[in-house]
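Presented below is the structure to which this report refers.
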């Protein structure tokens, strides 16, 4: 016994438990990292899968019997007491009770998209055939049964024939829808843009006191031209709208309420309960593609996130263009030209520390200095005609990328400097001994050798910029940008416009959206995309760094 | 390349082409040198610019006021008439002077030229005996007459833009009709008057020549037939001692009447029911035996500013005491104009800030702000006493009348009087608060709101969030670093280190979103589980370690040393899942099925869904990789011969770790903690999404907080450029900047020293 005791004490004395505790810390960290990634992946990827629509007979809290139908989203286990407190009558039950969250859709009928049901209240559960899910441009999904397909108010197909009648009609409506969208977005957008330019031109001439009859005529003629084109398009649009509104569907919800859905409002229909796994997979990838390539619908809670992806990418590219030359030049100056001494040491510490300064501070600086000071002055100097509406004196993509360029500058400087410092002195001296000037050595020897380090720095900078949100909230992102910063109107790249951003999209849809429950899966999917992008960028940086190290170890 | 090579072989340094070529190369070399130096230095300057720009925006906050004399002229209109009241219009183009002879004289402020003289409809043989201001922003005043009547009038200014030029037309209007209203029926002079007027009610308080104090309320009654309301008059006499009255003051809610008597007593009447006013209390307001010489409301009509005969000033306002009674309290005093025989002659309150101007008999004017307890300037306007003082609605001009009838117009440059060291970092006693407190409340709907700009609750929230984050991150990261650097098998380390470092790059918006939408509800429903996890995890690990040691050697050798962390992963997952799964049962057993309810009932602890636990977990998660990575580098860099020597002398690996390795690496670990702290302090998105963002000062782990960074990102887009609020937010950013810069610099210097130390060991 005492031997055993001694062994125990010895075991404790040896410190083995502490070693295990520290191992535990690593395990906990690893579980947290991978758990987080798995959580995001599972929730983000599951969103696109068309699950079966279940119909239930359900007894409400007050005892009324209803029929509900929807997709089962989540299940939680709730203590019985809590439900009893909430007024449920659950005689003869024990232990925890399963509570399911159903997506019931039909917001136009019920007012909400989601409801929860508790397992004991469910008296029957079926997966009915012929359930149709209609994704709509307004009011979210509709779950129900298709009764009739109508053309201009007249019934053309009922019940079993509807499926065949629906497909060509839906395709036709969608074609029209695309056409309308094209006209509205691109052609009319271009006209509006031209009209605005004319207005500014006139205002500028007026400000310079150069606005005379000749100018007036010219501008009026151009304006008339644009307006004529507009009229033509408008007429065409009216026509298209009329055509598009021709067909409609008569659908019935589970409790028998009839709803008329105009086909123009329909994004897509599908019959989840009749789909095989192959169909579902196809549907899945179609939804993924929609998510990546489409514009958001219904206050960002449905549809895709293409503008956010586009805005993020464009902003990051602009930032990279800005940060690379400055960061590299600063690093070369510090490492190759500046006299190494106390001053460079201080500068190096300062640069290093800037990487640790909170990003929101950069946002504040960007707002004050770039937006209000620089932008305000640019407006006063170059765009007096647009006043008092600001052009550059308001948050926009240029200021965002500039702010993030400053934010990521330390990352690029530090990485490039590290690359420069790893190049053996002998190589430099060899080049100089052969008669090359310092500039030539730099350009032909040092920079090419340091370029992987430079790339690493740039990738890390891009990864940081892509995930940064706080400063962008001050200097240029919006929840819904009316127009992209890059379009078909001259000068194509509009640096003064606001833009959408993946990170901000997560924040905005997750926290500012009126319908958080409906938007949540979309936020997970967006988060997954952002995480993937950033992990891939970081892995690339790590890979390049490791290769670089291996390379110079041999020199 | 080729040609130059040929040249060189042909005649090294001799041919002209070669010389040219060399010169070009030299020029290029020099140009590059200058270009790089210029570029490098300008980037470094740009970095420094951040700090100076922030400072540049913040500095005006602490500037005192500038005043500048712009004009001086003798009182416009008939100079021999006494001035009753001076006022200015919003654009400060037009001034207004009421005289005792019943004239309203509008004049150009710039030069004193009379624009319009309006004779007030005062009956023949009646004179003006008293005067009162109503709501300042409406320009409404009342005149008490010698026949027991009063006249209410407004001076208003219509702004039109004929030919794109601003034109301001002054006007006098009589909201209650242009005939004086009878306050008391006997024809006795009203020596003092106070009044307030709004659409439903107009209330007068008057002191009469024969020593009575009367309250008279005109309450609108809905008329059946037409829109013009009819008024019903209630008149009541108020009881008071015989001392002559210095001033009557009525607040704009028609609820409180303050009577200041010349014997330094202040009597407070509750007049919220005009038919039966109540006398509440009486108190002495002589501040250390001084005599009151002048009294005025601050904007919002809650605070009273008292001017005393020796130039001392004090702010008083009603405070609810322990028995919920409203008691007038002296809040703070100002003695910047104090001198014997130097009474305060006139006080003018700003229209929409809690600032005021004070004139004294030595001809000096002082500019003050009550909340900030700040004197912004004292300027000597003239050698003569100043009788009347007016301030423009935008508080950027003042008009003073000397005793000899001379008017002086001064421009005031006083943008940020609200800010002082004390109002930012000290306890401030705000109006309507029972005691001094730290409060952040930057904006509100009403105009006469007192801005509460204490950075203390925000800084407190920042440190609280950082503290809870460090509480989770520091032990996990440092223990993890110890194991990874010292005990872990190299193969595993090659995987573990990059994966924890990738964690650092994870956008914090994702962590914040998960914390707010996934973790917060989970913890809320599984609170006992979360706490049991804290207890069970170490116990589980120890049990597992003990169990593993008891296993036969053959089994233990399947997994080599250094892979313990791998072995523990299933355990961690199991314990985590188990704690959450048994949470409802635990809750039922220990807390009657609802821990939150139990806490608030039994312990009196409030519970926020988005609380410090959530922030600690999410931000701890964000900080772990930072600390881990630097600490691991420091431990890994400890020269091997040190630990090998220790092991050779018989120390166990853990003893070597603690007494040799950790001790050597401790500066590195310190700097890791500093940098981690810096990151936790500045983190924005996580706290924005995972807390309720309420600026409470509460240590409770179950309550949220509002941090400096989250506050900036919430309020910055709404702050008006160059306003005080905007600059205070810049100040918050500057505080964050300096804080993190300071800690990071310390950490960096420590780290550099350590590197030198390692190289010499």
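Protein chains in written order, with our numbering: chain A, 1 to 555; chain B, 1001 to 1761.
Note that beta-carbon positions come from the ideal geometry of N, C-alpha and C, so glycine has one too.
Every value quoted in this text rests on a predicted model; they were computed, and no experiment measured them.
Annotation: Cβ neighbours of residue 1517/B in chain A (cutoff 7 Å, chain order): 510, 520. Against chain B, a Cβ distance below 8 Å from residue 438/A picks out 1029, 1032, 1033.
Positions of the beta strand (DSSP E) runs, each at least 3 residues long and wholly inside the region 1324-1391 of chain B, are given as 1326-1334, 1344-1349, 1355-1360, 1364-1369, 1374-1380, 1386-1391 in order along the chain.
Note that the C-beta distance between residue 1209/B and residue 1194/B is not below 7 Å.
In the structure shown, residue 1597/B falls within a helical segment according to DSSP collapsed to helix, strand and coil. DSSP, read as helix, strand or coil, puts residue 1264/B in coil. By the C-beta density criterion, residue 1287/B is buried, having at least 16 other C-beta atoms within 10 angstroms. For the pair of segments examined, the region 91-107 of chain A was found not to touch the region 152-163 of chain A: the number of CB pairs separated by less than 8 Å stays below three. A straight-line Cα-Cα distance of about 12 Å links residue 434/A and residue 426/A. Taking a C-beta cut-off of 9 Å against chain A, the contacting residues of the region 1659-1691 of chain B are 1675, 1678, 1679, 1681, 1682, 1683, 1684, 1685, 1688, 1689, listed in chain order.
In the DSSP assignment, residue 398/A falls within the alpha helix (DSSP H) that extends over 397-422. Counting only Cβ-Cβ distances below 7 Å, residue 1086/B has no contacts in chain A at all, with the closest Cβ about 35 Å away. The C-beta of residue 1365/B has 16 or more other C-beta atoms within 10 Å across all chains shown, which makes the residue buried. CA-to-CA, the gap between residue 367/A and residue 378/A works out to about 14 Å. Interface residue (Cβ-Cβ distance to chain A less than 7 Å): residue 1602/B is not classified as such. Looking at the backbone, the Cα of residue 552/A and that of residue 420/A are separated by about 11 Å.
Here the region 1408-1426 of chain B makes contact with the region 1062-1078 of chain B; the two share three or more CB pairs at distances below 8 Å. Rounded to whole angstroms, residue 250/A and residue 322/A show a C-alpha spacing of 56 Å. Annotation for residue 272/A: no beta strand (DSSP E) segment contains it, and DSSP assigns it neither H nor E.
The beta carbon of residue 226/A sits closer than 8 Å to the beta carbons of 191, 194, 195, 198 from its chain, once the five residues preceding and following it are set aside; these are given in chain order.
The region 1650-1665 of chain B makes no contact with the region 1602-1614 of chain B; the number of CB pairs closer than 8 Å stays below 3. Distance check between residue 519/A and each of 105/A, 189/A, 412/A places 105/A closest, using alpha-carbon atoms only.
Of 60/A, 521/A, 409/A, the smallest CA-CA separation from residue 362/A is found for 409/A. Cβ contact annotation for residue 40/A (same chain, cutoff 8 Å, sequence separation greater than five): 524, 527, 528, 531, in chain order.
With contacts defined by Cβ atoms closer than 7 Å, residue 58/A and residue 132/A do not form a contacting pair. Counting of Cβ neighbours within 10 angstroms places residue 1167/B among the exposed residues, the total staying below 16. Taking 7 Å as the CB threshold, residue 1748/B lines the interface with chain A. Of the other Cβ atoms in all chains shown, 16 or more fall within 10 Å of the Cβ of residue 18/A; this residue is therefore buried. A Cβ-Cβ contact shorter than 7 Å links residue 1544/B with residue 1571/B.
Here residue 142/A is buried, its C-beta having at least 16 other C-beta atoms within 10 Å.
For the alpha helix (DSSP H) assignment, the uninterrupted runs of no fewer than 4 residues enclosed by the region 12-51 of chain A are, from N- to C-terminal side, 16-46. Interface annotation, residue 267/A: not in contact with chain B, CB-CB separation never under 7 Å.
Neighbours of residue 1161/B across chain A, judged by C-beta separation under 7 Å, do not exist; the nearest C-beta is about 15 Å away.
Residue 1088/B holds the alpha-carbon nearest to the alpha-carbon of residue 1389/B among 1024/B, 1756/B, 1088/B, 1676/B.
When the five nearest sequence neighbours on each side are left out, the beta carbons in the same chain lying within less than 8 Å of the beta carbon of residue 1339/B are those of 1310, 1311, 1362, in order along the chain. In this structure residue 509/A is buried. Its beta-carbon is surrounded by 16 or more other beta-carbon atoms within 10 angstroms.
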